[in-house]
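For reference, the structure is listed below as C-alpha cells.
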Amino acid sequence: MSKKIAVIGAGMAGLTVAKNLINKGFLVDIFDKGRGVGGRMSSRRTQWGYLDHGTQYFTVKNPLFQNYIAQNKENVKEWTGKFARWREEKLTKIEPENPRYVPILAMNNLCKNLGLNVTLQTRIISLEKSQTWTLMDENGQKYCDYDYVIITAPPQQTMDLLGNHSDITESIRELKMFACYSLMLIPEKKLNLDFDGIEFQHPILGWIAINDSKPLRGEKGSIIIQSNFSWTENNLEQTRENVGKILKKASEETLNIRFNRSLYESVHLWRYAIPQQTNDQGYYFDTLNNVGVCGDWCLKGNVESAFLSGYYLAEKIIESFS
Ligand SMILES: Cc1cc2nc3c(=O)[nH]c(=O)nc-3n(C[C@H](O)[C@H](O)[C@H](O)COP(=O)(O)OP(=O)(O)OC[C@H]3O[C@@H](n4cnc5c(N)ncnc54)[C@H](O)[C@@H]3O)c2cc1C
24 MSKKIAVIGA
34 GMAGLTVAKN
44 LINKGFLVDI
54 FDKGRGVGGR
64 MSSRRTQWGY
74 LDHGTQYFTV
84 KNPLFQNYIA
94 QNKENVKEWT
104 GKFARWREEK
114 LTKIEPENPR
124 YVPILAMNNL
134 CKNLGLNVTL
144 QTRIISLEKS
154 QTWTLMDENG
164 QKYCDYDYVI
174 ITAPPQQTMD
184 LLGNHSDITE
194 SIRELKMFAC
204 YSLMLIPEKK
214 LNLDFDGIEF
224 QHPILGWIAI
234 NDSKPLRGEK
244 GSIIIQSNFS
254 WTENNLEQTR
264 ENVGKILKKA
274 SEETLNIRFN
284 RSLYESVHLW
294 RYAIPQQTND
304 QGYYFDTLNN
314 VGVCGDWCLK
324 GNVESAFLSG
334 YYLAEKIIES
344 FS
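So the sequence shown is numbered by our numbering: it starts at 24 and just counts up by one.
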C-alpha cells in the first residue's frame with residue numbers, strides 16, 4: 024500500500040519534496056499557514072503589479088536545479104538589470120558572477136507552477152506519534168494516519184514542532200536565522216536611480232531594488248528597500264511605521280534622492296529570513312521515527328538550496344523503499 028506523507032510548509036523545499044514523492048506514487052498532503060504557496064518566495068499583490076518583498080532573484084548552479092529551471096523556462100526570465108554595490112560611501116557598478124533569474128509576474132509563480140494541492144491557512148502546532156503520525160492545527164483540527172512527516176519550517180519552529188519526538192532537534196539546536204525588514208514602496212512620481220539593484224554595506228540598509236525592472240511587474244517605478252541583518256536584530260521592537268521612515272531616510276541620504284508621496288507603502292518583517300550559517304547536511308532524516316526535515320537552511324540559504332534540500336530528502340525516502 025502507498026505510504027502516506029504529511030509535508031508542513033509549501034515553500035520551494037516543501038513543494039519540491041512533495042512533488043518528487045508524488046511522482047513516485049506516495050500519497051502526500053501539504054499544509055501551509057500562509058494564504059498562498061511560496062513561503063519566502065512571495066510577492067505582495069497591488070493594483071499596480073506584484074512587489075517581490077522576500078526573495079529578490081535566484082541563481083542556478085547545480086545541474087539538478089538547472090534541469091528544473093529548464094523545464095520551467097517559459098515562466099522564468101533573466102533579470103538583466105544594472106547592479107551596483109555601495110561600500111565605504113561609494114557606489115560601484117558590478118557585473119554579477121552568475122545570471123540572476125526571476126519568475127515572470129511574481130516570485131511565487133515558480134512554486135505555483137508545480138500545480139500541487141495545498142491545505143492553506145493551516146498552521147500545524149503539534150505532532151503526535153503512535154503507530155502513525157497525527158498533526159494538529161491551531162483550531163484543534165487533527166490530520167491522521169501519516170507514515171511519515173516532513174517539516175520545512177525554519178530551525179526554531181521545526182524544533183518546536185518536533186519536541187521530543189526525534190533526535191533531529193539536537194542537531195539543529197544551534198542553527199539560527201537572521202531577520203530582515205522589507206519596505207515596499209510605489210512612489211507617486213518615478214524616481215531616477217542609475218541602478219536596478221544595489222547591495223549595501225551600510226549601518227541600516229541591506230538592499231534596494233527597482234522592483235519593476237523585473238519582467239511584468241508594472242510600470243510605476245516600484246521599489247523594495249531591505250534592512251541589513253544586524254540593524255534589524257537591534258530594531259525588532261520598532262513600529263512598522265518607524266521602520267518605513269528610517270529606511271526611506273537612510274536611502275535618501277545615501278543615494279541623494281527624495282521620496283515624494285507614495286501610492287503604496289508597506290513594511291513586512293521577515294522574522295526568519297536567511298540562515299546565519301551555511302550547513303552541508305542537506306536534509307535531516309530520522310529513520311527510527313519516520314521524520315524528515317528540509318529547507319534552505321540545511322544548505323546555503325537560497326532558493327537553489329531549498330530546491331536541492333527538498334530534492335535530496337525525497338531521494339532518500341524513495342531509496343529507503345527500493
Ligand atoms: C527578505 C529576503 C530576501 C531573500 N533574497 C533572496 C535572494 O535574493 N535569492 C535567493 O536565492 N534567496 C533569497 N532569499 C531566501 C529564499 O527566500 C529562501 O532560501 C527560500 O525561499 C526558502 O525556501 P524554503 O522552502 O526552505 O522555506 P520557506 O520559503 O520559508 O517555506 C517554509 C514554509 O513553511 C510554512 N510553515 C512554517 N511553519 C509552519 C507551520 N507550523 N504550519 C504550517 N506551515 C508552516 C511557511 O508558511 C512557509 O511557507 C531571501 C529571503 C528573504 C526573507
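A virtual CB, placed ideally from N, CA and C, is assigned to each residue, including glycine.
Every beta strand (DSSP E) stretch that sits fully inside the region 108 to 167 and reaches 3 residues is listed by chain position as 113 to 117, 124 to 126, 147 to 152, 156 to 160. Residue state for residue 226 is assigned as coil, using DSSP reduced to three classes. The DSSP-derived three-state label of residue 86 is helix. For residue 286, the CB contacts under 6 Å within the same chain, skipping 5 residues up- and downstream, are 209, 211 in chain order. For residue 214, there is no enclosing beta strand (DSSP E), as DSSP gives it neither H nor E.
For residue 29, the uninterrupted beta strand (DSSP E) segment begins and ends at 27 to 31. Around the beta carbon of residue 88, 16 or more other beta carbons sit within 10 angstroms, so the residue counts as buried. In the DSSP assignment, residue 207 is bridged to 247, 289.
Separation of the CB atoms of residue 194 and residue 227 is rounded to 35 Å, and the pair is thereby denied contact status at 8 Å. With distances taken between CA atoms, residue 57 lies nearest to 142 out of 214, 151, 241, 142. Under the three-state reduction of DSSP, residue 175 is assigned to coil, being neither helix nor strand.
Look at residue 73: its beta carbon is at least 8 Å from all of the heavy atoms in ligand 1. Of the candidates 301, 114, 160, the residue whose Cα lies closest to the Cα of residue 199 is 301. The alpha-carbon of residue 160 is positioned some 45 Å away from that of residue 105.
For the alpha helix (DSSP H) assignment, the uninterrupted runs of no fewer than 4 residues enclosed by the region 248 to 323 are, from N- to C-terminal side, 252 to 257, 263 to 278. Under the three-pair Cβ rule at 8 Å, the region 274 to 293 does not count as touching the region 310 to 320. When rounded, the separation of the alpha-carbon atoms in residue 246 and residue 112 is 21 Å.
Between residue 27 and residue 344, the CB-CB gap reaches or exceeds 9 Å.
In the three-state reduction of the DSSP assignment, residue 332 falls in the helix class.
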